[in-house]
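Numbering of the sequence shown is given in my numbering, commencing with residue 17 and proceeding in unit increments.
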Amino acid sequence: MTHRTIHLFRKGLRLHDNPTLLAALESSSALYPVYVLEMEEATRLGALRWRFILQSLEDLDGRLHALGSRLYVLRGSTLAVLRELVTRWAVTQISYDTEVEPHYTRMDLEIRTLAQELGIKTHTCVSHTLYDVRRIIKANGGSPPLTYKKFLHVLSVLGEPEKPVREITAEDFLRCPTPPDPDHERQFGIPSLEDLGLQVPSEVLWPGGETHALKRLQQHLQSEGWVANFSKPRTVPNSLLPSTTGLSPYISLGCLSVRTFYHRLSSIYAQSRNHSLPPVSLQGQVLWREFFYTVASTTPNFIRMQGNPICLQIDWKHDPEALEKWRTAQTGFPWIDAIMTQLREEGWIHHLARHAVACFLTRGDLWISWEEGMKVFEEQLLDADYSVNAGNWMWLSASAFFHKYTRIFCPVRFGRRTDPDGQYLRKYLPVLKNFPSQYIYEPWKAPEDVQLSAGCVIGKDYPHPMVCHLEVSQKNLALMRQIHAEQQNTAQLTRDVSDDPMEAGLKRELQEEEELIEGAESNDTFKRLNNEVDHQSRPCR
Numbered sequence: 017m018t019h020r021t022i023h024l025f026r027k028g029l030r031l032h033d034n035p036t037l038l039a040a041l042e043s044s045s046a047l048y049p050v051y052v053l054e055m056e057e058a059t060r061l062g063a064l065r066w067r068f069i070l071q072s073l074e075d076l077d078g079r080l081h082a083l084g085s086r087l088y089v090l091r092g093s094t095l096a097v098l099r100e101l102v103t104r105w106a107v108t109q110i111s112y113d114t115e116v117e118p119h120y121t122r123m124d125l126e127i128r129t130l131a132q133e134l135g136i137k138t139h140t141c142v143s144h145t146l147y148d149v150r151r152i153i154k155a156n157g158g159s160p161p162l163t164y165k166k167f168l169h170v171l172s173v174l175g176e177p178e179k180p181v182r183e184i185t186a187e188d189f190l191r192c193p194t195p196p197d198p199d200h201e202r203q204f205g206i207p208s209l210e211d212l213g214l215q216v217p218s219e220v221l222w223p224g225g226e227t228h229a230l231k232r233l234q235q236h237l238q239s240e241g242w243v244a245n246f247s248k249p250r251t252v253p254n255s256l257l258p259s260t261t262g263l264s265p266y267i268s269l270g271c272l273s274v275r276t277f278y279h280r281l282s283s284i285y286a287q288s289r290n291h292s293l294p295p296v297s298l299q300g301q302v303l304w305r306e307f308f309y310t311v312a313s314t315t316p317n318f319i320r321m322q323g324n325p326i327c328l329q330i331d332w333k334h335d336p337e338a339l340e341k342w343r344t345a346q347t348g349f350p351w352i353d354a355i356m357t358q359l360r361e362e363g364w365i366h367h368l369a370r371h372a373v374a375c376f377l378t379r380g381d382l383w384i385s386w387e388e389g390m391k392v393f394e395e396q397l398l399d400a401d402y403s404v405n406a407g408n409w410m411w412l413s414a415s416a417f418f419h420k421y422t423r424i425f426c427p428v429r430f431g432r433r434t435d436p437d438g439q440y441l442r443k444y445l446p447v448l449k450n451f452p453s454q455y456i457y458e459p460w461k462a463p464e465d466v467q468l469s470a471g472c473v474i475g476k477d478y479p480h481p482m483v484c485h486l487e488v489s490q491k492n493l494a495l496m497r498q499i500h501a502e503q504q505n506t507a508q509l510t511r512d513v514s515d516d517p518m519e520a521g522l523k524r525e526l527q528e529e530e531e532l533i534e535g536a537e538s539n540d541t542f543k544r545l546n547n548e549v550d551h552q553s554r555p556c557r
């Protein structure tokens, strides 16, 4: 116990299963928990995400305080802050979790260079993923497995991930105290949203922090039958309350250990004769995350199309006006607009809802690049995650990983299938709340007297559909077919032999949509109509 250590929190905002922090406490005589707010790097984050981060920091500080320590929060460049604190506190070691994102890998190199310059040590552990992704890549012959099936095979060779380490206790900080600072609140206190110039709605649906993460985990795991039989495609995208665990924001920021979650699930599965399996089980969802982390760790330009060797190169439209209508829930398709409204107001949407709006933006209707959608999700989602966000957008746009591009989500029928009365639409699009159920998914079809009675005239109080879904999807399908034919070698890199497991429960509906579009294409019965006819008469089935 010779070191005076700064433990740098980045993700991993928790005290349970924190191997890096535990090792730092066991090797040090004094420890300073530090978090650096890099404001320039975080300008892409929305206000809801910021609130979640600040709440998580407050919770971490409170949990540290209860153990006799405190969290030191500073603003600025991480490297500049560390350089100043190492001198001020006579630090001999910096500890931090290993990360795979390019931003953090560059930062890690800079920290190691700084430590070498200052003559101090560094210590890191893998904590944010189930496995050290370098082990997975090594076991696959030096490159990442590019299909989920191959990925699961590699994991079967590696065996189960390591068990969580013990929780940090007050005794740890008695042996290795955090030197107090009498001016802590002024110098190192956590800023408020107002300090950052941000405002958000007063209602908090997703409180940040380890305390809430563990509480939510416990609530879900109490229903062992639900856990054992969980199947992601059977959950409901437009239920008024989340039909999944809702743990993704906490795992994304590291308020909940992914290893703790995984092994708690294993304990429940061990007591169940029959339980769901990956990819649709709860453990399967965790492994999807691990899959994208692994592929992203060594794929150049993973968050971009250009220079990305596994991504199809597509000439997407540059249409800022259409993109803005999608982003601000003004597409004229209530199912799409309700989802985008929930995203903006709450920072979370169901995974099938993400499928619907992503397909609509990209290959389904608007033919706008998945990179634009990824940026919006990164700004607004509480669970925004570098690897998972980019991987899912490539998947949903059929640019990589998923190649059944003929399956297109209809922006009318998909939502109506699970919520025929439109309760979800009435909540998030109150302008439509008085429409009869038969018209609420296609309000432009309602007679004028029905629109007047509902207090919403289409084209005045709510927009007409911005496209005719059947027409544009037919055209886009032909483009996508040509692209896949021309870029077969790239498509083959990430092509899995099985169906998309995340859409298994939707196969019949997607097949019907596929047949509808292809039938229209082969018969050549559709003619381009003017906007008024498109909006008022054209069926979207």
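Glycine included, each C-beta is placed from N, C-alpha and C at the ideal position.
In terms of DSSP beta bridges, what is residue i paired with?
{"i": "LYS333", "result": "ILE384"}
{"i": "SER111", "result": "HIS23 and HIS139"}
{"i": "PRO49", "result": "HIS23"}
{"i": "TYR402", "result": "In the DSSP output, where bridge partners are listed per residue, TYR402 has none listed."}
{"i": "VAL89", "result": "TYR51"}
{"i": "ILE474", "result": "TYR478"}
{"i": "SER44", "result": "HIS19"}
Quick check on this structure: which residue in the options has the alpha carbon closest to the alpha carbon of residue i?
{"i": "THR103", "options": "ASP197, LEU87, LEU230 and ILE136", "result": "ILE136"}
{"i": "THR18", "options": "ALA345, SER44 and LYS27", "result": "SER44"}
{"i": "THR140", "options": "PRO161, GLU115, THR163 and ALA155", "result": "GLU115"}
{"i": "VAL302", "options": "MET321, SER273 and HIS228", "result": "SER273"}
{"i": "ARG79", "options": "PHE349, HIS23, THR227 and PRO160", "result": "THR227"}
{"i": "ASN156", "options": "HIS169, THR145 and HIS144", "result": "HIS169"}
{"i": "ASP113", "options": "PRO436, PHE25 and ALA369", "result": "PHE25"}
{"i": "LEU269", "options": "ASP75, GLN346 and ASN492", "result": "ASP75"}
{"i": "LEU209", "options": "ILE110, ARG232 and ILE69", "result": "ILE69"}
{"i": "VAL107", "options": "ALA286, ARG60, SER415 and LEU130", "result": "LEU130"}
{"i": "LEU87", "options": "ARG99, LEU73, ASN450 and LEU95", "result": "LEU73"}
{"i": "PRO180", "options": "THR347, PRO350 and TYR278", "result": "TYR278"}
{"i": "PHE318", "options": "TYR51, GLU117 and VAL52", "result": "GLU117"}
{"i": "PRO35", "options": "LEU134, THR145, PRO223 and GLU340", "result": "THR145"}
{"i": "TYR309", "options": "PRO217, VAL52, ILE153 and GLN439", "result": "ILE153"}
{"i": "VAL447", "options": "GLY471, PRO195 and PRO427", "result": "GLY471"}
{"i": "LEU221", "options": "ARG60, TRP411, LEU281 and ARG67", "result": "ARG67"}
{"i": "SER567", "options": "ALA40, TRP304 and LEU237", "result": "Summary: the structure shown does not reach residue 567, with the chain confined to residues 17 through 557, and so no result is reported for it."}
{"i": "LYS391", "options": "LEU382, TRP383 and TYR402", "result": "TYR402"}
{"i": "HIS150", "options": "LEU53, GLY224, HIS81 and PHE307", "result": "One point to set straight first is that residue 150 is Arg, not His, in the sequence displayed. When only C-alpha atoms are compared, the closest one is PHE307."}
Is it buried or exposed, residue i, if we count other Cβ atoms within 10 angstroms and call 16 or more buried?
{"i": "VAL473", "result": "exposed"}
{"i": "LEU162", "result": "buried"}
{"i": "LEU31", "result": "buried"}
{"i": "GLN508", "result": "exposed"}
{"i": "HIS551", "result": "Because the pLDDT of HIS551 is 36, which lies under 50, any placement of that residue in the model is unreliable, and the question is left without a value."}
{"i": "MET55", "result": "exposed"}
{"i": "ALA229", "result": "buried"}
{"i": "LEU256", "result": "Confidence at LEU256 is low in this model, with a pLDDT of 48, below 50, so its placement is unreliable and the value that follows should be read with caution. Classification for LEU256: exposed."}
{"i": "ARG343", "result": "buried"}
{"i": "THR21", "result": "buried"}
{"i": "HIS371", "result": "buried"}
{"i": "LYS27", "result": "buried"}
{"i": "ASP33", "result": "buried"}
{"i": "THR506", "result": "buried"}
{"i": "LYS341", "result": "buried"}
{"i": "PRO198", "result": "exposed"}
{"i": "GLU487", "result": "buried"}
{"i": "ARG122", "result": "exposed"}
{"i": "LEU468", "result": "exposed"}
{"i": "LEU190", "result": "exposed"}
{"i": "GLN490", "result": "buried"}
May I ask which residues mark the beginning and end of the alpha helix (DSSP H) holding residue i?
{"i": "SER313", "result": "298-314"}
{"i": "TYR266", "result": "264-269"}
{"i": "CYS426", "result": "Run containing CYS426: none; DSSP gives neither H nor E here."}
{"i": "SER218", "result": "Where SER218 is concerned, there is no enclosing alpha helix (DSSP H), given that its DSSP letter is neither H nor E."}
{"i": "LYS166", "result": "164-174"}
{"i": "THR510", "result": "Counting along the chain, THR510 falls outside any alpha helix (DSSP H), and DSSP gives it neither H nor E."}
{"i": "ASN492", "result": "485-502"}
{"i": "GLN454", "result": "453-456"}
{"i": "LYS154", "result": "149-155"}
Below 8 angstroms on the Cβ atoms is my contact criterion, and I expect residue i with residue j to pass it. Report the Cβ-Cβ distance as a whole number of Å.
{"i": "PRO177", "j": "SER313", "result": "Between SER313 and PRO177 the Cβ distance is about 16 angstroms, and since that is not below 8 angstroms, they are no contact."}
{"i": "MET98", "j": "GLN396", "result": "Contrary to the premise, residue 98 reads as Leu rather than Met in this sequence. Their Cβ separation, rounded to whole angstroms, is 31 angstroms, which puts LEU98 and GLN396 out of contact at 8 angstroms."}
{"i": "GLU394", "j": "ASN405", "result": "6 angstroms"}
{"i": "GLY363", "j": "ASN492", "result": "Wrong, their Cβ atoms sit about 29 angstroms apart, outside the cutoff."}
{"i": "TRP351", "j": "PRO427", "result": "5 angstroms"}
Between residue i and chain B, is there a C-beta pair that is closer than 7 angstroms?
{"i": "GLU178", "result": "Although the question refers to chain B, the structure presented lacks it and comprises just one protein chain."}
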